[in-house]
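Asks: Numbering (the working numbering), first residue to last: 4 to 545.
Submitted below is the structure of interest, expressed as structure tokens.
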């Protein structure tokens with residue numbers, strides 16, 4: 004799709020959400036569970052929606068919170084529940100709703116000691132810190148965030164005792180139970196006003212920031228005098244960056260410390276909407292304009308689980324930075340196991356495959372979703388797990404787990420560590436990789452389809468693909484399950500020596516997404532994209 008003519012330009016008054024209307028709708032509107040779009044539905048990052056569309060309201064959060072209480076009780080999770088929230092307008096009322104239900108169910112809730120915003124990685128870090136060496140009294144958590152979504156949206160995600168995103172078994176159970184409660188008009192939901200005296204407190208910022216030297220070489224960043232610009236994009240990391248700079252003596256400027264639920268300081272994303280997507284050159288346009296002011300500039304989305312890296316060359320493609328990060332980390336973390344593999348999603352760049360092979364490391368290729376990296380990060384069998392959408396985390400320097408959810412803060416700081424230790428920015432190091440392995444062309448497009456075809460695409464088998472060639476090359480692999488763990492891809496991936504494509508149905512629109520890459524240039528990439536539609540259409544007709 005073509006970018007909106009105003010993409011990358013500052014938001015105007017007409018682009019801003021009416022926060023008062025948004026908050027009123029949260030309490031005043033009630034979902035109809037008979038309408039599919041108004042039911043609780045967990046995607047890869049929890050339940051998301053907007054009160055203005057009756058897809059994220061008080062009823063949704065009350066029912067989901069009750070379902071979480073019942074789920075954790077059924078699984079013997081008896082420790083505290085850590086709760087965090089980001090800066091979206093709907094996050095605070097949803098945070099209040101959730102605590103009211105959790106407390107009424109006898110759950111010991113631990114909220115931020117200053118009632119401050121809490122990044123997703125700080126919640127994951129808190130869960131894992133509490134659970135370390137425990138076999139009982141395990142903690143879990145909730146983060147109230149729609150991540151990088153527009154200002155009118157809200158989001159609610161559950162992290163079990165492993166600290167990472169809940170798996171499909173958990174989210175399916177929680178969603179089903181929540182919808183039963185909606186159908187019963189919330190009969191069965193326990194709730195009472197927040198007991199502030201009984202609300203537990205936790206220093207998310209202090210604990211997270213104090214522990215950073217266990218995962219990063221901050222001394223190298225300080226000693227090299229790396230000039231850093233950090234833009235929280237109005238999100239939950241806003242106080243964290245100042246605290247990191249002060250504690251570790253970094254030459255770091257918080258580029259924009261403003262918090263505004265309308266996010267009126269943003270530049271518009273590709274479709275003309277306000278979206279805090281730190282991997283988008285349009286949403287990051289104002290920071291990219293200042294790239295000459297800093298050696299490394301970084302951005303985070305609203306809950307800080309994603310990262311954007313800006314150098315003198317501009318905003319790095321997320322795939323490019325993942326490849327650079329992997330090459331650097333496995334060569335500079337002697338405390339990691341020599342058997343620790345490299346985790347990537349099936350739609351991430353094959354540059355990662357080539358880097359991993361060069362390192363002599365096992366590649367663990369999974370379906371889309373960070374949850375697939377959780378077991379490997381927990382036991383150290385993967386050192387790094389990353390998604391093409393600019394989400395990643397990695398182990399502490401001693402090879403033990405840091406977070407099992409995406410951590411945009413440590414990835415942003417890693418860019419400065421790379422510059423400090425190697426003397427090269429990540430974009431300069433990526434050019435070295437292309438000289439060694441070739442320069443890939445990568446893109447994602449959306450293809451219009453119908454609900455029936457979307458459903459069939461998600462259930463294809465490799466035998467449904469009859470094509471033998473793609474863009475002039477013999478097809479070497481037809482995949483409907485991930486090579487790294489055998490889990491269903493929920494779509495199709497076709498691989499040749501010169502490139503690949505993957506097709507997955509959208510969860511929200513009548514389109515399927517085609518991710519494609521070529522190591523033979525943009526023209527070859529276009530040919531792969533064109534032929535991918537033919538391959539998919541033929542498979543759907545089979």
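Ideal Cβ placement from N, Cα and C applies to all residues, glycine included.
(1) Nearest-angstrom Cα distance between residue 436 and residue 66?
(2) Exposed or buried, residue 31, counting other C-beta atoms within 10 Å across all chains shown (16 or more means buried)?
(3) Report the option in 140, 181, 6 and 149 whose CA atom is closest to the CA atom of residue 163.
(4) Taking the alpha carbon of residue 87 as the reference point, which residue from 101, 545, 138 and 374 has its own alpha carbon closest?
(5) Could you tell me how far apart the beta carbons of residue 132 and residue 239 are, in whole angstroms, since I believe they sit closer than 8 angstroms?
(6) Between the Cα of residue 306 and the Cα atoms of 182, 237 and 43, which residue gives the shortest distance?
(7) Could you check how far apart the C-beta atoms of residue 399 and residue 218 are, in whole angstroms? I think they sit under 8 angstroms.
(8) Quick one: what's got a C-beta closer than 7 angstroms to residue 531's C-beta in the same chain, skipping five residues either side?
(9) Using the Cβ count rule (16 or more neighbours within 10 Å means buried), how would you classify residue 199?
(10) Just to confirm before moving on: does the CB-CB distance between residue 380 and residue 396 stay below 8 angstroms?
(11) Determine the DSSP secondary structure at residue 188, reduced to helix, strand or coil.
(12) Once you ignore the five residues that flank residue 223 on each side, which residues in its own chain have a CB closer than 7 angstroms to its CB?
(13) Given 7 angstroms as the limit, tell me if residue 37 has its C-beta closer than that to any heavy atom belonging to the ligand ADP.
(14) At which residues does the alpha helix (DSSP H) containing residue 579 begin and terminate?
(15) Quick check on this structure: which residue in 107, 197 and 385 has the alpha carbon closest to the alpha carbon of residue 71?
(16) When you compare each of 158, 28 and 21 to residue 47 by their alpha carbons, which one comes out closest?
(17) Whose C-beta lies closer than 8 angstroms to the C-beta of residue 515 among residues of the same chain, with five residues either side of it excluded?
(18) Could you check if residue 480 is buried or exposed, using at least 16 other CB atoms within 10 Å of its CB as the buried criterion?
(19) Which two residues bound the contiguous alpha helix (DSSP H) that contains residue 429?
(20) Under a Cβ-count criterion, where at least 16 other Cβ atoms within 10 Å of its own Cβ denotes burial, should residue 149 be classed as buried or exposed?
(21) Decide yes or no for the touch test of the stretch 263-283 against the stretch 350-357: beta carbon pairs closer than 8 angstroms, at least 3 of them.
(22) Go through its chain and collect everything with a Cβ distance to residue 367's Cβ below 6 angstroms, but skip five positions before and after it.
(23) With the cut-off set at 8 angstroms, would you say residue 271 and residue 9 are in Cβ contact?
(24) On the DSSP bridge assignment, give the partners of residue 160 in chain order.
(25) Grab the span of the alpha helix (DSSP H) containing residue 459 for me, first residue to last.
(26) To the nearest angstrom, how far is it from the Cα of residue 534 to the Cα of residue 470?
(27) Taking DSSP as the reference, what is the three-state secondary structure of residue 561?
(28) Decide if residue 154 is buried, meaning its Cβ has at least 16 other Cβ atoms within 10 Å, or exposed.
(29) Between the alpha carbons of residue 69 and residue 417, how many angstroms are there, rounded?
(30) Return the CA-CA distance between residue 19 and residue 277, expressed in angstroms with no decimal places.
(31) To the nearest angstrom, how far is it from the Cα of residue 207 to the Cα of residue 192?
(32) Where does the unbroken beta strand (DSSP E) through residue 503 begin, and where does it stop?
(33) Give the secondary structure of residue 250 by DSSP, where H, G and I count as helix, E and B as strand, and everything else as coil.
(34) Report, in whole angstroms, the separation of the C-beta atoms of residue 144 and residue 85, which I expect to be a contact under 8 angstroms.
(35) Hey, quick one: how far does the alpha helix (DSSP H) through residue 322 stretch, first residue to last?
(36) Please report the Cβ distance between residue 293 and residue 232, rounded to the nearest whole angstrom; I am assuming they are in contact, meaning their Cβ atoms lie under 8 angstroms.
Replies: So, from the listed chains and residues:
(1) A direct Cα-to-Cα measurement between residue 436 and residue 66 gives close to 49 angstroms.
(2) It counts as exposed.
(3) Nearest to residue 163 by C-alpha distance, out of 140, 181, 6 and 149, is 140.
(4) Nearest of 101, 545, 138 and 374 to residue 87, Cα basis: 101.
(5) About 18 angstroms separates the CB atoms of residue 132 and residue 239; that is not less than 8 angstroms, and the two are not in contact.
(6) If we check each option's Cα against that of residue 306, 237 comes out closest.
(7) Confirmed, Cβ separation roughly 5 angstroms.
(8) Excluding sequence neighbours, residue 531 sits near 473, 474, 502, 504, 519 and 521.
(9) Exposed, because fewer than 16 other Cβ atoms sit within 10 Å of the Cβ of residue 199.
(10) Their beta carbons are under 8 angstroms apart, which means residue 380 touches residue 396 by this criterion.
(11) Residue 188: coil per DSSP, three-state reduction.
(12) Take residue 223, set aside five residues on each side of it, and the residues of its chain with a beta-carbon closer than 7 angstroms to its own are 420, 423 and 424, in chain order.
(13) In the structure shown, the ligand ADP is absent, as is every other ligand, since no ligand is present at all.
(14) Residue 579 is absent from the model: the chain starts at 4 and stops at 545.
(15) Closest by alpha carbon: 107.
(16) Looking from the CA of residue 47, the closest CA among 158, 28 and 21 belongs to 158.
(17) Within its own chain, the residues whose Cβ lies closer than 8 angstroms to the Cβ of residue 515, once the five positions on either side in sequence are excluded, are 449, 450, 452, 456, 457, 460, 494, 506, 507, 508, 509 and 539, listed in chain order.
(18) In summary, residue 480 is exposed, with fewer than 16 beta-carbon neighbours lying within 10 Å of its beta-carbon over all protein chains present.
(19) 429-440 is the extent of the alpha helix (DSSP H) around residue 429.
(20) Taking every protein chain shown into account, the CB of residue 149 has 16 or more other CB atoms within 10 angstroms, so this residue is buried.
(21) Segments in contact, no.
(22) Excluding five sequence positions before and after residue 367, the CB atoms of its chain that fall closer than 6 angstroms to its own CB belong to 344, 346, 385 and 487, given in chain order.
(23) Their beta carbons are under 8 angstroms apart, which means residue 271 touches residue 9 by this criterion.
(24) Answer is 146.
(25) For residue 459, the enclosing alpha helix (DSSP H) starts and ends at 454-460.
(26) Rounded to whole angstroms, residue 534 to residue 470 spans 10 angstroms at the Cα level.
(27) The question about residue 561 has no answer, for the chain in this structure spans 4 to 545.
(28) Label assigned to residue 154: buried.
(29) Their backbone Cα atoms lie some 39 angstroms apart in a straight line.
(30) If you take the alpha carbons of residue 19 and residue 277, they lie about 8 angstroms apart.
(31) A direct Cα-Cα distance of roughly 29 angstroms separates residue 207 from residue 192.
(32) It spans 502-508 - the beta strand (DSSP E) in which residue 503 sits, taken as one unbroken run.
(33) Correct three-state label for residue 250: helix.
(34) Taking C-beta atoms under 8 angstroms as the contact rule, residue 144 and residue 85 qualify, at a distance of about 4 angstroms.
(35) Following the DSSP letters along the chain, one finds residue 322 inside the alpha helix (DSSP H) bounded by residues 321-332.
(36) Yes, they are in contact, since the Cβ atoms of residue 293 and residue 232 sit about 6 angstroms apart, within 8 angstroms.
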